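> Counting in our numbering, the sequence shown runs from 4 upward without gaps.
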Amino acid sequence: MVGVGGGIAAYKACHLVRNFTEHGDNVRVVPTESALRFVGAATFEALSGNPVSTTVFDAVDEVRHVQVGQQADAVVIAPATADLIARLAAGRADDLLTATVLVATCPVIVAPAMHTEMWLNPATQANVATLRSRGIVVLEPAHGRLTGKDTGPGRLLEPEQIAQFARAAMAGANFTHDWQGRKVVVSAGGTQEAIDPVRFIGNRSSGRQGFALAEMAAQRGAQVTVVAGAVDALPTPAGAQIVRVSSTRELQEAMEAEAGDADVIIMAAAVADYRPANVAQSKLKKGAADTDLSVLHLVENPDILRGLTQRRAEGALAAATVIVGFAAETGDESHSALAHAQVKFARKGVDLLMANDVSGGQVFGKEDNAGWILSAHGTPQEVPSGSKLLVAAHILSAIDREIAQRRADKTD
Ligand code: C5P
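1) Of all the beta strand (DSSP E) runs that stay within the bounds of the segment 67-138, which reach a length of 3 or more residues?
2) Using the Cα positions of residue 362 and residue 280, report the straight-line distance between them to the nearest angstrom.
3) With three or more C-beta pairs closer than 8 Å as the rule, is the segment 131-140 touching the segment 80-96?
4) Count the other CB atoms, across all protein chains shown, that sit within 10 Å of the CB of residue 291; report buried if there are 16 or more and exposed otherwise.
5) Straight-line CA distance for residue 70 to residue 406?
6) Just to confirm, are residue 324 and residue 265 a CB contact at a threshold of 7 Å?
7) Comparing the C-beta of residue 14 with each C-beta of chain B, is any distance below 7 Å?
8) Secondary structure at residue 403, three-state DSSP: helix, strand or coil?
9) Using only the heavy atoms of ligand 1, determine whether one of them is closer than 6 Å to the beta carbon of residue 230.
10) Answer yes if the segment 14-24 comes into contact with the segment 153-164, meaning at least three C-beta pairs across the two stretches below 8 Å, and no otherwise.
11) Name the DSSP beta bridge partners of residue 377, please?
12) Using the C-alpha atoms, what's the distance from residue 268 back to residue 418?
13) Suppose you measure from the CA of residue 126 to the CA of residue 169; what does that come to, to the nearest Å?
14) Would you give the residue range spanned by the beta strand (DSSP E) that residue 186 belongs to?
15) Going by Cα to Cα distance, which pick from 123, 220, 65 is closest to residue 183?
16) Compute the distance between the beta-carbons of residue 416 and residue 166, then report whether it is under 7 Å.
17) With the cut-off set at 7 Å, would you say residue 206 and residue 273 are in Cβ contact?
18) To the nearest angstrom, how far is it from the Cα of residue 241 to the Cα of residue 218?
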């Protein structure tokens with residue numbers, strides 16, 4: 004079910020409904036009265052293929068206020084205004100939408116949209132905290148241009164992002180807002196090593212998994228910085244600061260600058276192991292007498308991840324920092340992808356390693372991911388195939404377990 008509050012962003016609910024129907028979901032749209040002042044019922048009826056009502060007094064014989072909530076697999080409210088959030092927090096049931104939420108036992112996902120002052124107002128924040136304490140997922144709004152000229156937190160997330168968060172919540176992702184006060188640094192995308200002003204050595208990383216990690220960590224309340232190399236045209240991770248880099252050495256510099264006060268460092272970037280020994284200042288010309296383009300001299304890049312774990316071992320980074328690496332592996336005649344990852348886990352000195360089998364074009368640029376999470380505690384945990392957001396939620400849960408294990412070790 005998609006609930007729609009009465010805000011200017013109500014038009015974005017049309018794209019959200021579309022996203023769900025295209026995904027094969029049967030969508031029931033329940034707007035508030037004021038939502039219909041922004042978008043007409045006919046639009047929602049046409050997009051969902053289902054009748055639209057705002058009141059419990061329509062189709063009373065069907066007991067619709069109970070029926071809609073009981074039948075839904077998820078209730079997604081977008082946009083949720085300050086007023087609607089207040090009514091939900093108070094447990095009101097004065098229209099079909101709020102009555103439905105009171106009945107629903109399925110996941111309820113709320114995507115707020117309002118002016119920054121209204122969002123930051125203690126009344127709204129207290130209402131949001133109340134809803135979260137009841138297990139309702141209240142998504143952090145995006146920072147950005149609001150309806151007027153102002154910018155700040157309060158902008159509705161993009162419909163695609165809301166749909167992905169809703170699917171992750173339905174699949175059991177943990178949205179508990181308990182990473183507040185934690186700083187998380189995530190690297191994402193691929194590095195590019197210049198050959199000359201127009202050519203570079205790059206790789207197929209899309210940045211999706213790193214961005215998904217940043218988004219999930221921000222939704223759990225963390226302060227998040229993403230250090231992004233080359234990434235596909237993806238929306239900026241909601242709630243995260245972004246630092247753009249190109250080469251491995253730039254990525255290293257940015258990671259080291261951010262690592263000092265980080266609680267969690269995740270190296271999801273695909274880093275080039277080598278770079279050209281010399282970068283030509285002007286475009287290399289085919290057939291030029293003084294250049295042989297068939298030979299490229301390379302030098303090894305620093306291993307950023309190994310460098311970070313070493314700095315921690317030397318005391319330059321806090322011992323409590325959790326460091327997570329990635330390993331894209333393919334199996335061969337002698338070893339499986341997992342066996343290769345186990346060797347890498349030991350070599351990198353990380354606390355957790357997310358290993359994927361990338362043989363046969365799996366993973367890179369794809370929407371889904373799967374693999375294993377390796378840790379020093381116990382056998383590798385299999386991560387079933389799911390969206391990169393859901394895989395991100397698994398990785399954050401593994402970090403929760405790692406922190407809990409350290410606390411338990413300390414008190415032993
Ligand atoms: O050794 P390999 O490239 O397979 O290791 C992958 C992990 O190491 C990833 O987390 C990647 O971000 C990181 N890495 C790095 N610096 C490099 C190469 C990889 O930090 N030069």
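Glycine residues also receive a C-beta, built at the ideal position from the N, C-alpha and C atoms. None of these values were measured; they are calculated from a predicted model.
In short:
1) 78-83, 111-115
2) Translated into positions along the sequence shown, residue 362 becomes position 359. Translated into positions along the sequence shown, residue 280 becomes position 277. Taking the straight line joining both Cα atoms gives about 30 Å.
3) yes
4) Walking along the sequence shown from the start, residue 291 turns up at place 288. Residue 291 comes out exposed.
5) Here residue 70 corresponds to residue number 67 of the sequence shown, with the count starting at 1. Here residue 406 corresponds to residue number 403 of the sequence shown, with the count starting at 1. Whole-angstrom Cα-Cα distance: 42 Å.
6) Reading the sequence shown from its first residue, position 321 is the one you call residue 324. Reading the sequence shown from its first residue, position 262 is the one you call residue 265. The answer is yes: Cβ separation under 7 Å.
7) Reference to chain B is not applicable here, since this structure consists of a single protein chain.
8) Locating residue 403 in the sequence shown gives position 400, where the first residue counts as 1. Three-state DSSP puts residue 403 in a helix.
9) Locating residue 230 in the sequence shown gives position 227, where the first residue counts as 1. No - ligand 1 has no heavy atom lying nearer than 6 Å to the Cβ of residue 230.
10) yes
11) For the purposes of this step, residue 377 is identified with residue 374 of the sequence shown, where counting begins at 1. Partner(s): 356.
12) This structure does not reach residue 418, given that the chain is present from 4 up to 415, and the question cannot be answered.
13) Indexing the sequence shown from 1 puts residue 126 at position 123. Indexing the sequence shown from 1 puts residue 169 at position 166. Whole-angstrom Cα-Cα distance: 25 Å.
14) Taking the first residue of the sequence shown as position 1, residue 186 is located at position 183. Where residue 186 is concerned, the enclosing beta strand (DSSP E) stretches over 186-191.
15) As a working mapping, residue 183 is identified with position 180 in the sequence shown. Considering only alpha carbons, the answer is 220.
16) Residue 416 is absent from the structure shown; the chain starts at 4 and stops at 415.
17) Here residue 206 is taken as the residue at index 203 of the sequence shown, counted from 1. Here residue 273 is taken as the residue at index 270 of the sequence shown, counted from 1. Taking 7 Å as the Cβ cut-off, residue 206 and residue 273 qualify as a contacting pair.
18) Position 238 of the sequence shown, counting from 1, holds the residue named residue 241. Position 215 of the sequence shown, counting from 1, holds the residue named residue 218. When rounded, the distance between both Cα atoms is 6 Å.
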